[in-house]
Every structure is written in C-alpha cells, then in structure tokens.
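For the sequence shown, full-length UniProt numbering begins at 1 and goes up steadily by one.
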Amino acid sequence: MAHPKRKKTLFYRWWAVIVKYLEDIAKDFKLKFFRKKQFSLIIFFLFFVSDGAFAAVMPMAKAVRIPIARESSPAISSLPHIYGARVSGRPLVLIDPGHGGHDPGSSSRDGRLHEKDVTLAIGLAIRDALIKSGRVRVALTREDDHFLPLVSRREIGRRMNADLFISVHADSAAAGNPHGATIYTLSEVASDKIAARLAARENQVDISGSRELRNQNSEVKSILYDLTRRETMNASVSFASLLQRELQGRIPFRSHYHRFAGFVVLKAPDVPSVLMETGYISNPAEAAQLFSRGYRENLALGVRRAIEIYFARRLARLAERSDLKSDRQKK
C-alpha cells in the first residue's frame, strides 16, 4: 500500500531543514582513511606528534559559518597577524585583551593600575605560550594600547574563521575585597545579578543579522541560526570547564567560577567563545599578582593546556563520527 502524501506541516519543514543542514556538515567529514575504530584510539597521538595528519584533518573540523552582512558589519581596516602558522591546517585561537586606548577598563583602588594594561600583558603571555607549544595558530585582537569596539573584536574572529575566541579581562568591586577568577559563557539570561551587572557594564550593541539568512524564509533562518548557535554554545561551555580544570591550582577561582551572561564579544554564533575575568584588580593583593610576570606565565600555561586538550577531543569526536559513518555505509 502506498504511503499517503505527507502534509508539509511545521514539523515536516523543520525536519527537512535539519536533514539538509546535517547533510552539508557531513560533506566536510571526508576522513576516508579512518576505516577502523582503532584510529579513534590514536587520535590524541596524532595530535601531539604528527603535523601532517593534524593538518589533513583540521580543515574538515571547521564550524559551519553564518556569512557576515557587509553593510552592517563594523569597519575593520586590517586583520591581526597570525603567529605559529607553520601548518596552515592547525586551528586558530584568537586572544582578545579587553579594553585599550581611551578605555582603561577597571582600575586599582589607588588608580595607578589599569585593566587594559594587565589584559594586554596576559594576552601576550598566552600568545607566547601557544607559539612555544606549536599546536595551534594564534592571533590577538590588539597587541598595543589602542581601542577596539566590542563588535569589532567579535567580528575579527568571524572574518578570520577563528576556531576559539578567548576574551581576557580583570574584574573590580566597589566595596570589599573579593578575589578569584571567573569564566563567562554566553546566555541571554544572566546566571545571577553579578553576571548581569558585568555584562551590562561591558555591552553596547547586539550582533547583526546575515544577508544570506535574511534572503531565506523566517523558519529556515531561525532553524539554521539556532542549530549553529546551540552547537557553538555547547562547545563554549565545554571549553570553559576545561579551562577551569587546567587553571585550578595555578590561580584562585571564585566559588561560582562559571557564570553566564549576554556579553557582546561572546555573541558570534559560529565561534566558540569565553570571557575570562582573571582576578580582581580592585583587590590590592590580587592586583599585585596580576601584574607579576611569574603569575601571568603560570596562567598562560594553564590556558595553553586547556586549548590543547579541547582541540584533541574535537579530533577524537571527528574520528568517532567517521567510524560510525563508515559502519553505516558497509551495512
């Protein structure tokens, strides 16, 4: 008996779009040499010792990009220099030292120390640690004392096709002497009042739409955007957990170390992003640590370790997906 013609219900249209979306992603996973499951067990080994294997796999691991609307994007005169590009296929990490130029950010109690200076020093330390590791490529949104709008910082990551975005900041408090680092990931609903106040203080505008998405009907646009954003937010949360784990014991954390808020710099729908408040510049003891070279280098080593593990796990997941796809084709 023939099946009756399917009605194009809302559910059916959603399912059709999702299937098409997944088919497009699957085309990127052309790992034909991953035919046996034991390859998934040695993927970490390939990550750490084989530049050729890593370069062959990483171009297939790029996130699905939502095109930028040129007419609504901020003017960016030039993109930052990329360091460590010995192998073009290695993932790109964009470090974003907060504030700069006429925007000093938070300041110490005596007004002599400024957030813009410590974020740049920490950003440079992370860059140097990643260059020394050689496992990823790295760039900074700024390498000197100049101002960048929040939207420009985020859009630099998108235009460079960054695989990970880390915004570096230092916190402050008007009263008391709180201390410890905090890691933020994106959420339109803040996890608490502290996160909401901090995001409100940092933010000015929201992300712009995409011309290509606007040309599609509202249902397709909503589904594609939501799928990409959810995947990106999950990756951001995963990296935040790794970051805290690898920094634990190197720097102090607040009791609630992972918070959520709607930071503008974290709103790229296709670049996993975190914002790291490295400590309280308003706390005299912690401010002295933040401006200590040894403290910054130790922090940078923890960040480097978290980044290496994050991308090694991503490669392992790609290998596992390839194994599953290969098994289905054999059946």
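Glycine included, every Cβ here is placed at the ideal spot set by N, Cα and C.
Predicted, not measured: the structure shown is a model, and the values here were computed from it.
If you check the beta carbons only, do A240 and T185 fall under 9 Å apart? yes
Can you give the Cα-Cα distance for T232 and R112, rounded to whole angstroms? If you draw a straight line from the Cα of T232 to the Cα of R112, it is about 38 Å long.
Identity of the residue in V168, P80, R137 and I309 nearest D117 by Cα: Ranking V168, P80, R137 and I309 by CA distance to the CA of D117 puts V168 first.
My output table needs one value for G279: the three-state DSSP class, helix, strand or coil. In the three-state scheme derived from DSSP, where H, G and I count as helix and E and B as strand, G279 is classed as strand.
Beta-carbon spacing of R158, V274 below 9 Å: no
Measure how close the beta-carbons of F311 and V138 come, nearest whole angstrom, since I'm counting them as under 8 Å. Contact doesn't hold; Cβ gap of about 12 Å is too wide.
Could you tell me which of R296, T228, F260 and E155 sits nearest to P252, measuring between CA atoms? R296
How about L164 and V264: do their beta carbons lie closer than 9 Å? Cβ distance not < 9 Å, so L164 and V264 don't count as in contact.
Whose C-beta lies closer than 6 Å to the C-beta of G100 among residues of the same chain, with five residues either side of it excluded? K116, R142, D145, H146 and F147
With L140 and P80 assumed to form a contact (beta carbons below 8 Å), what rounded beta-carbon distance in angstroms separates them? 6 Å
Inter-residue Cα distance where the pair is A174 and F260: 21 Å
Measuring alpha carbon to alpha carbon, tell me which residue in A287, A285 and P149 is nearest H102. P149
For F165, which of helix, strand or coil comes out of DSSP? strand
Inter-residue spacing [alpha-carbon to alpha-carbon] between L124 and L318: 31 Å
Going by alpha carbons, who is nearest to Q244 out of T228, R304 and L266? With distances taken between Cα atoms, Q244 lies closest to R304.
Of the listed residues F291, I281, S292 and E320, nearest to D110 (C-alpha basis): I281
Determine the DSSP secondary structure at R254, reduced to helix, strand or coil. strand
Would you call the CB atoms of I183 and H258 closer than 9 Å? Cβ distance < 9 Å, so I183 and H258 count as in contact.
Cβ-Cβ distance between I131 and P97 below 9 Å: no
Classify R154: buried if its beta carbon has 16 or more other beta carbons within 10 angstroms, exposed otherwise. Counting Cβ neighbours within 10 Å, R154 comes out buried, since at least 16 surround it.
Candidates N298, E320 and A268: which alpha carbon is nearest A129's? N298
Whose C-beta lies closer than 7 Å to the C-beta of residue 332 among residues of the same chain, with five residues either side of it excluded? Nothing about residue 332 can be read from this structure; the chain reaches only from 1 to 331.
Under three-state DSSP, which class holds L140? strand
Taking the straight line between their C-alpha atoms, what separation do you get for A285 and G302? 21 Å
Applying the 10 Å Cβ sphere with the 16-neighbour rule, what's the burial state of S255? exposed
For I309, which residues from the same chain have a beta carbon less than 6 Å from its beta carbon, with the 5 sequence-adjacent residues on both sides left out? L242
Per DSSP, what kind of secondary structure is F260 in: helix, strand or coil? For F260, the secondary structure class from DSSP, reduced to helix, strand or coil, is strand.
With distances taken from CA atoms, which of E320, L266 and I126 is nearest L247? I126
Under the three-state DSSP convention, the category L113 falls into: coil
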